[in-house]
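A.B. asks:
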Amino acid sequence: MKNSISILLVMAGLSLSAQVGINTASPKAKLDVNGDVNLRNKIVVQNAQDNTLSQGNNDQILVSQGVGYAPIWKSLRIPEYEPNKFYLIFNNSFSDRTGVKFTSGEQSTITSKNTAFTKGADISNLPGFKKIAGLSQPISVFSTDSKTYFQFETVVQADLPANGTTDISIDYACGIFVDDKLVNLRQRNLKASSATSTFITHNQIGVVANLSKGQHTVSVACSRLASYRTGNDVVLAVGINADTNINNFIAQSSLKVDVYEIPQVFNPIIN
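Going by mature numbering (1 follows the signal peptide of the UniProt record, and there is no 0), the letters in the sequence shown line up with residues -20 to -1, 1 to 251, in that order.
1. Determine the DSSP secondary structure at Ala9, reduced to helix, strand or coil.
2. So, with DSSP's three-state summary, where would you put Glu62?
3. On the premise that Phe70 lies in contact with Val215, defined as a C-beta separation below 8 Å, what is that separation, rounded to the nearest angstrom?
4. Going along the chain, which residues of its own chain have a beta-carbon closer than 7 Å to the beta-carbon of Asn190, five neighbours each way excluded?
5. Helix, strand or coil: which one does DSSP assign to Val237?
6. So the alpha helix (DSSP H) Thr95 belongs to, where does it begin and stop?
7. Identify which residue in Pro141, Arg166, Ser84, Gly48 has its Cα closest to the Cα of Thr98.
8. Whose CA, out of Ile148, Pro7, Ala113, lies closest to the CA of Ala206?
9. Would you tell me roughly how many angstroms separate the C-alpha atoms of Asn143 and Gly211, rounded to the nearest one?
10. Using DSSP with H/G/I as helix, E/B as strand and the rest coil, what is residue 262?
11. Which residues mark the beginning and the end of the beta strand (DSSP E) in which Ala201 is found?
12. To the nearest angstrom, how far is the alpha carbon of Gln(-2) from that of Asp12?
13. State the beta-bridge partners of Asn71 as determined by DSSP.
14. Drop a sphere of 10 angstroms on the beta-carbon of Ile23, count the other beta-carbons inside from all chains shown, and report buried for 16 or more, exposed for fewer.
15. State the DSSP-derived secondary structure class of Ala50, mapped to helix, strand or coil.
16. So, is Ile41 buried or exposed, given that buried needs 16 or more other C-beta atoms within 10 angstroms?
17. Rounded to the nearest angstrom, what separates Gln137 and Val239 at their Cα positions?
18. Kindly confirm or deny that the stretch 218 to 237 and the stretch 72 to 82 touch, where touching means at least three C-beta pairs closer than 8 Å.
19. Which class does Ile230 belong to by DSSP, given the choice of helix, strand or coil?
20. At a cut-off of 7 Å, is Asn71 close to the ligand MN when judged by its beta-carbon and the heavy atoms of the ligand?
21. Does the structure place the stretch 82 to 94 close enough to the stretch 175 to 192 that three or more beta carbon pairs sit under 8 Å?
22. In chain order, what residues of the same chain have a beta carbon less than 6 Å from the beta carbon of Leu(-13), not counting five sequence neighbours either side?
23. Given Phe66, which residues of its chain have a CB within under 7 Å of its CB, disregarding the five upstream and five downstream residues?
24. Taking only beta-carbon positions, decide if Gln167 is within less than 8 Å of chain D.
25. Quick one: residues in its chain with C-beta nearer than 8 Å to the C-beta of Ser192, no 5 flanking neighbours on either side, listed in chain order?
Here is the structure:
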C-alpha cells in the first residue's frame, strides 16, 4: 500500500509541477532522478508523426536525435572477426589537379641517391622534393598488427622538343611518405619522343607494415633529379600539364590508401 501511495504522489507531482526531483532539490528536467533506476516492465517512445508508441525490438537501444526531438530505437551490432586474420578497416582515396612543376633551376642537389633514398628518410633530408598538396591527407590505424597499401597514379609531362639523334630526357622520382618519412619511392626517366611535349603515366604501389596506432598523415612528393641535353626553359610537371596538348583533368593525380588490420579494437556499429 505504501508503494502505491508513493507512486501516486510522484505522478501527482508530475502533473502539478513543471519539474520533479527524486533525491535532488534542484531538478533539471520534468523528472530528475539522482540515483539508480530499476525498470521492471517496458520503455516506450512516441512517434511524433503518428503518435504511435514503440517499444523497440530485442537488443535495441535508445539513441538521442538532439534537442527538441524524441529519441529513437537503434540496433547495436559488433562486427565478428576471426582471430589472426587481416581485415580492411580503413580505406580512402584522394585526388589533386594542382600538381607540382620544376624548372631547370629547381633540380635536386642530391648527389648520392643510394644513401639518400632509404626507407624512413625524412623529407627534410631530400632537397628538391615538392609535395602534391591535395594528396597530403590523414589516415587512421587502430591495431599494432597492420599492413597499409598505397596506390599512386599521375601523369608526368615536360615541354620537351622532338627527340634528336642524341636522346633528350629528364630523370625524376616520386615518393610516398607517412608522417614525412619515406615508405616507398620510384625513379623514372621521361624521354623525348618524335612529337613535342612528351607525357607518360606514372603508377606506383607501396606497402608499409605495423604503423603505430592512431592518426597519421600520408603524402606524396616528387623531384626533378637530372636533365640530359634539355634547354634551360624546359619545365617538368607532375600531376599538372606542362603544355596544351593535355589538360589538368588528364594529368591529375590520385592516391588510394587501404589499411588492413588484425582487429584489436571492436567498434560498435549503430544502424
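Just so you know, even glycine gets a beta-carbon here, dropped at the ideal spot from N, CA and C.
Computed from a prediction, not measured in an experiment: that's the story for all the values here.
C.D. replies: Taking the coordinates as given:
1. Position 29 of the sequence shown holds residue 9. Reduced to three states, the DSSP call for Ala9 is coil.
2. Taking the first residue of the sequence shown as 1, we reach residue 62 at position 82. Glu62 falls in the coil class under three-state DSSP.
3. Residue 215 sits at position 235 when you count from the first residue of the sequence shown. Residue 70 sits at position 90 when you count from the first residue of the sequence shown. With a Cβ gap of about 37 Å, Val215 and Phe70 do not count as contacting.
4. The residue you call residue 190 lines up with position 210 of the sequence shown. Closer than 7 Å at Cβ, skipping near neighbours: Thr124, Asp125, Ser126.
5. On the sequence shown, residue 237 is found 257 positions in, with the first residue counted as 1. Strand at Val237.
6. Against the sequence shown, residue 95 aligns to sequence position 115. Looking at the DSSP string, the run of the alpha helix (DSSP H) that includes Thr95 is 93 to 96.
7. Here residue 98 refers to the residue found at position 118 when the sequence shown is read from its first residue. The residue with the shortest Cα to Cα distance from Thr98 is Arg166.
8. If you number the sequence shown from 1, residue 206 lands on position 226. Minimum Cα distance to Ala206 is reached at Ile148.
9. In the sequence shown, counting from the first residue as 1, residue 143 sits at position 163. In the sequence shown, counting from the first residue as 1, residue 211 sits at position 231. Taking the straight line from one Cα to the other gives about 13 Å.
10. This structure does not reach residue 262, given that the chain is present from -20 up to 251, and the question cannot be answered.
11. The count along the sequence shown starts at 1 and reaches residue 201 at position 221. First-last of the beta strand (DSSP E) with Ala201: 194 to 208.
12. Here residue -2 is taken as the residue at index 19 of the sequence shown, counted from 1. Here residue 12 is taken as the residue at index 32 of the sequence shown, counted from 1. Cα to Cα, Gln(-2) sits roughly 8 Å from Asp12.
13. Here residue 71 is taken as the residue at index 91 of the sequence shown, counted from 1. Per DSSP, Asp238.
14. By one-based count along the sequence shown, residue 23 stands at place 43. With fewer than 16 other Cβ atoms within 10 Å, it is exposed.
15. Residue numbering aside, residue 50 sits at position 70 when the sequence shown is read from its first letter. Residue state, collapsed to three classes: coil.
16. Translated into positions along the sequence shown, residue 41 becomes position 61. Classification for Ile41: exposed.
17. Sequence index remark: in the sequence shown, residue 137 carries index 157 (1-based). Sequence index remark: in the sequence shown, residue 239 carries index 259 (1-based). Roughly 31 Å separates the two Cα atoms.
18. yes
19. Here residue 230 refers to the residue found at position 250 when the sequence shown is read from its first residue. Three-state DSSP puts Ile230 in a helix.
20. Ligands in the displayed structure: none, and consequently the ligand MN is not present.
21. no
22. The residue given as residue -13 occupies position 8 in the sequence shown. The predicted position of Leu(-13) is uncertain, since its pLDDT is 49 and thus under 50; no value can be drawn from it.
23. By one-based count along the sequence shown, residue 66 stands at place 86. Taken in chain order, the residues that qualify are Lys127, Tyr240, Glu241, Ile242.
24. In the structure shown, chain D cannot be found, because there is only a single protein chain.
25. Translated into the one-based positions of the sequence shown, residue 192 becomes position 212. Val121, Thr124.
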